[in-house]
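A short worksheet on the structure shown next.
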Amino acid sequence: MAGATLLGVWLLGVWLAWAPSAAADTLPVTEVAPGVFVHAGLHEETDAANAGDIANCGFIVGDDAVAVIDTGGSPAVGRRLREAIRARTNRPIRYVVNTHMHPDHALGNAAFLADQLEAGQPDFVAHRNFQAALMGRGSHYLHAFDAAVGPEAAAEVRIVPPTVTVADRLELDLGRRVVELVARPVAHTDNDLTVFDRQTATLWTGDLLFMERAPAIDGSVLGWLRLLDGLAAEPAARVVPGHGPPSAPWPEAATDLRRYLDRVVTGVRAIQSAHGTIQQAVDTVAADEAPRWRLFDAYNPRNVTAAFAELEWE
Amino acid sequence: MTTPQRSLGLRAGTGMALVGAAWLCLGAGTALAAPQDERWDMLRDMYFSGRAVEDAGPLLSLEAPTRANDAALVPIRIATAPGADVQVNAVHLIVDQNPVPMAATFRFAEGGSPQSVETRVRVNAYTNVTAVAETSDGRLLRTVRFVKASGGCSAPALKNAQLAVARMGKMKLNLPDTIVAGKPVTAQLLISHPNYTGMQYDQLNYYFIPAHYVKTIDIRYNGTPVLSVQSDISLSEDPSVHFSLVPDEQGTLEVTAEDSNGRVFKDSWPIKALPGS
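Chains as they are written, first to last, in the UniProt record's numbering: chain A, 1 to 314; chain B, 1 to 277.
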């Protein structure tokens with residue numbers, strides 16, 4: 001009797017310990033349009049507490065299959081995204097699409113590797129330049145991840161090369177649902193890929209659209225502005241930004257980003273025409289944008305520096 | 001619509017191999033966390049054969065940001081203040097923790113006059129940046145700044161790899177709006193070059209691109225040397241050098257640069273100055 005009670009208490013303890021972690025194992029997602037699910041990442045830098053859950057990620061469900069769009073900033077976040085998919089559908093995950101190579105969007109890929117080894121899918125789909133950009137930075141990304149999240153989490157990280165690359169355009173058929181991928185010219189990075197779900201007119205921009213969180217220029221500020229002009233004409237009912245709310249109206253959602261990038265360009269050009277230095281530009285350019293963006297001080301100096309080097313060659 | 005390129009050589013098995021390579025780099029990065037002083041002792045032996053290196057004091061100054069905003073592009077300024085009886089003929093710029101720490105050596109034609117040079121370097125990790133001056137009386141004088149590398153997204157990598165190749169060898173000279181003969185001016189030379197470190201990856205052919213960088217820059221004014229630079233992979237892509245020049249009323253600035261593949265790039269610019277007082 002006493003033994004049974006003890007066993008019951010022990011089981012209860014196991015159950016209590018297990019239940020909250022099971023809940024925590026599923027990434028919360030919002031259905032922004034029928035069959036389109038998005039998780040909104042935190043506006044924080046990667047650390048041990050958030051495990052890299054700092055970017056938006058999600059999935060699109062067709063009649064036959066699922067496409068994952070970005071996988072979060074760690075294998076742990078990727079696993080929680082996979083659990084969120086499995087909580088909603090048992091259709092196979094046929095594609096894992098990366099919108100670009102930044103670690104907060106791609107380090108969750110490892111959570112889908114076992115499926116690929118067992119079932120031959122998903123395919124990992126990315127821009128033609130994705131792998132080169134990731135390889136050139138991989139050791140830095142891993143080093144930074146190890147320092148920010150810890151060695152145990154870092155030991156799980158895998159750099160997963162794409163199995164399908166997109167040089168121009170590619171359609172993925174998920175079963176009575178076609179999503180269209182477009183490889184973009186150099187903008188946020190040199191390997192930005194957009195995803196358009198025709199059925200709901202939902203455009204996943206990846207980090208071509210930042211909202212609320214300060215953007216990072218890791219490609220070309222002029223290219224980014226040009227591309228935003230072109231994207232404004234896309235017939236999208238809503239967009240899923242790389243950072244910000246799960247979805248937003250298009251093209252209004254890009255207003256803040258456009259204004260910020262314009263100010264960086266205008267400000268840097270003014271410093272350069274007065275023969276000013278990079279440090280002078282860093283100290284002054286776009287400074288009045290600070291209250292409008294989270295993590296502004298962590299990204300604006302870097303953006304101004306990168307824009308300075310780019311605009312010197314105009 | 002084009003057909004997707006199926007990159008068969010890069011399925012999961014290769015992925016594991018890539019992870020191995022990445023972790024080796026990470027291991028090297030951790031080893032670099034060794035104290036800055038030990039690193040410097042090693043560098044001094046390597047570059048200066050154990051010669052005494054004194055603190056520079058006022059003869060040499062070095063400006064670097066305390067935090068590298070963009071690890072691929074950290075602006076550095078060096079200025080010399082030679083005394084009445086001592087010239088500063090050359091300055092070595094060293095990024096202590098980089099894979100190839102010696103970033104550049106600047107040799108001044110006029111070591112007796114104050115000189116200032118600016119350039120931009122890649123920073124691989126938290127590091128000391130060191131400047132070592134060589135004086136006419138054979139001393140080595142050192143000054144140091146500590147630079148913190150920036151966050152996770154910031155890697156010392158090319159942002160636009162295709163453009164870097166397409167523009168290779170193009171040069172640009174920036175001068176102040178007003179130039180007066182006989183008065184020193186600061187000029188900026190830019191040379192477009194990817195300055196490949198050997199860590200960049202070829203996106204079409206899947207191999208690491210061998211190191212390929214600007215090795216020497218020779219700047220002359222009216223046929224007379226002004227500054228010569230020996231450089232290496234720690235300089236940022238599109239190497240930039242600010243330097244001092246004392247112009248005549250009419251003159252020509254000539255630049256010859258050579259990269260590690262033996263490619264030679266040349267350009268020249270006429271400089272017109274207002275008559276000096």
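Just so you know, even glycine gets a beta-carbon here, dropped at the ideal spot from N, CA and C.
Cβ pair residue i, residue j closer than 8 Å
{"i": "Trp-269 of chain B", "j": "Leu-245 of chain B", "result": "no"}
{"i": "Pro-103 of chain A", "j": "Gly-73 of chain A", "result": "yes"}
{"i": "Gln-230 of chain B", "j": "Thr-216 of chain B", "result": "yes"}
{"i": "Ile-54 of chain A", "j": "Glu-44 of chain A", "result": "yes"}
{"i": "Leu-257 of chain A", "j": "Leu-209 of chain A", "result": "yes"}
{"i": "Ala-103 of chain B", "j": "Leu-235 of chain B", "result": "yes"}
{"i": "Glu-212 of chain A", "j": "Gln-272 of chain A", "result": "no"}
{"i": "Phe-108 of chain B", "j": "Leu-189 of chain B", "result": "no"}
{"i": "Arg-263 of chain A", "j": "Leu-227 of chain A", "result": "no"}
{"i": "Arg-67 of chain B", "j": "Glu-118 of chain B", "result": "no"}
Identity of the residues DSSP links to residue i by a beta bridge
{"i": "His-92 of chain B", "result": "B:Thr-105, B:Val-132"}
{"i": "Gln-230 of chain B", "result": "B:Thr-105, B:Thr-216"}
{"i": "Asp-267 of chain B", "result": "B:Val-255"}
{"i": "Trp-204 of chain A", "result": "A:Val-195, A:Val-240"}
{"i": "Met-171 of chain B", "result": "B:Ile-191"}
{"i": "Tyr-201 of chain B", "result": "B:Phe-208"}
{"i": "residue 290 of chain B", "result": "In the structure displayed, chain B extends from 1 to 277; residue 290 of chain B sits before or after that span and is not available."}
{"i": "Tyr-95 of chain A", "result": "A:Ala-67, A:Asp-123"}
{"i": "Gln-250 of chain B", "result": "B:Lys-272"}
{"i": "Val-61 of chain A", "result": "A:Val-66"}
{"i": "Tyr-196 of chain B", "result": "B:His-212"}
{"i": "Glu-44 of chain A", "result": "Its beta-bridge partners do not exist; DSSP assigns none."}
{"i": "Glu-31 of chain A", "result": "A:Phe-37"}
C-alpha gap between residue i and residue j, whole angstroms
{"i": "Val-88 of chain B", "j": "Glu-134 of chain B", "result": "6 Å"}
{"i": "Arg-39 of chain B", "j": "Lys-266 of chain B", "result": "37 Å"}
{"i": "Gly-169 of chain B", "j": "Arg-176 of chain A", "result": "52 Å"}
{"i": "Val-182 of chain A", "j": "Leu-158 of chain B", "result": "23 Å"}
{"i": "Tyr-213 of chain B", "j": "Tyr-260 of chain A", "result": "34 Å"}
{"i": "His-105 of chain A", "j": "Leu-163 of chain B", "result": "25 Å"}
{"i": "Pro-122 of chain A", "j": "Arg-145 of chain B", "result": "49 Å"}
{"i": "Asp-179 of chain A", "j": "Asp-173 of chain A", "result": "In the sequence under discussion, the amino acid at residue 179 of chain A is Val, which differs from the Asp named in the question. Each residue's alpha carbon lies about 7 Å from the other."}
{"i": "Thr-202 of chain A", "j": "Ala-40 of chain A", "result": "16 Å"}
{"i": "Ala-148 of chain A", "j": "Asp-207 of chain A", "result": "22 Å"}
{"i": "Asn-261 of chain B", "j": "Ser-240 of chain B", "result": "20 Å"}
{"i": "Val-239 of chain A", "j": "Arg-269 of chain A", "result": "31 Å"}
{"i": "residue 325 of chain A", "j": "Val-36 of chain A", "result": "Residue 325 of chain A lies beyond the stretch modelled for chain A, which goes from 1 to 314, so this question has no answer here."}
{"i": "Val-96 of chain A", "j": "Leu-225 of chain A", "result": "28 Å"}
{"i": "Thr-284 of chain A", "j": "Thr-99 of chain A", "result": "32 Å"}
{"i": "Asp-168 of chain A", "j": "Gln-131 of chain A", "result": "16 Å"}
{"i": "Ala-309 of chain A", "j": "Asp-63 of chain A", "result": "48 Å"}
{"i": "Val-221 of chain A", "j": "Val-195 of chain A", "result": "21 Å"}
{"i": "Trp-204 of chain A", "j": "Ala-133 of chain A", "result": "21 Å"}
{"i": "Pro-65 of chain B", "j": "Glu-289 of chain A", "result": "22 Å"}
{"i": "Asp-232 of chain B", "j": "Asp-41 of chain B", "result": "21 Å"}
{"i": "Arg-292 of chain A", "j": "Arg-51 of chain B", "result": "54 Å"}
Closer than 8 Å to chain C by CB, residue i
{"i": "Gly-219 of chain A", "result": "In summary, chain C is missing from the structure at hand, where the protein chains are A and B."}
Residue-level contact to chain B via CB, residue i, 8 Å cutoff
{"i": "Pro-283 of chain A", "result": "It should be noted that the sequence gives Asp, not Pro, for residue 283 of chain A. For Asp-283 of chain A, the answer is no, since every Cβ of chain B falls outside 8 Å of its Cβ."}
{"i": "Thr-305 of chain A", "result": "yes"}
{"i": "Thr-277 of chain A", "result": "yes"}
{"i": "Gly-136 of chain A", "result": "yes"}
{"i": "Val-177 of chain A", "result": "Reading off the sequence shown, one finds Arg at residue 177 of chain A, where the question assumed Val. No, no contact with chain B."}
{"i": "Pro-151 of chain A", "result": "no"}
{"i": "Pro-301 of chain A", "result": "yes"}
{"i": "Trp-224 of chain A", "result": "no"}
{"i": "Asn-312 of chain A", "result": "With the sequence shown as reference, residue 312 of chain A is identified as Glu, and Asn is not the correct amino acid for it. Yes - at least one Cβ of chain B is within 8 Å of the one on Glu-312 of chain A."}
{"i": "Gln-186 of chain A", "result": "The residue asked about is misnamed: residue 186 of chain A is Val in this sequence, not Gln. Taking Cβ atoms only, chain B reaches closer than 8 Å to Val-186 of chain A, which makes this a yes."}
Close beta carbons around residue i, own chain, < 6 Å, minus the five adjacent residues each side
{"i": "Thr-143 of chain B", "result": "Ala-56, Leu-60, Leu-62, Ala-131"}
{"i": "Ala-111 of chain A", "result": "Pro-75, Gly-78, Arg-79, Arg-82"}
7 Å Cβ shell around residue i - same chain, five flanking residues per side excluded
{"i": "Met-276 of chain B", "result": "The amino acid occupying residue 276 of chain B in the given sequence is Gly; Met does not appear at that position. So the list reads Val-180, Ala-181, Gly-182, Lys-183, once near-sequence residues are dropped."}
{"i": "Thr-256 of chain B", "result": "Asp-218, Val-264, Lys-266"}
Chain A contact for residue i (CB, 8 Å cutoff)
{"i": "residue 308 of chain B", "result": "Examination of residue 308 of chain B is not possible in this model, given that chain B is present from 1 through 277 alone."}
{"i": "Asp-259 of chain B", "result": "no"}
{"i": "Leu-190 of chain B", "result": "yes"}
{"i": "Met-199 of chain B", "result": "yes"}
{"i": "Lys-148 of chain B", "result": "no"}
{"i": "Leu-253 of chain B", "result": "no"}
{"i": "Lys-272 of chain B", "result": "no"}
{"i": "Asn-69 of chain B", "result": "yes"}
{"i": "Ala-157 of chain B", "result": "yes"}
{"i": "Asp-238 of chain B", "result": "yes"}
{"i": "Pro-176 of chain B", "result": "yes"}
Contact test: residue i Cβ vs the ligand HEM heavy atom, cutoff 7 Å
{"i": "Glu-44 of chain A", "result": "Annotation note on the ligand HEM: not contained in the displayed structure, which lists no ligands."}
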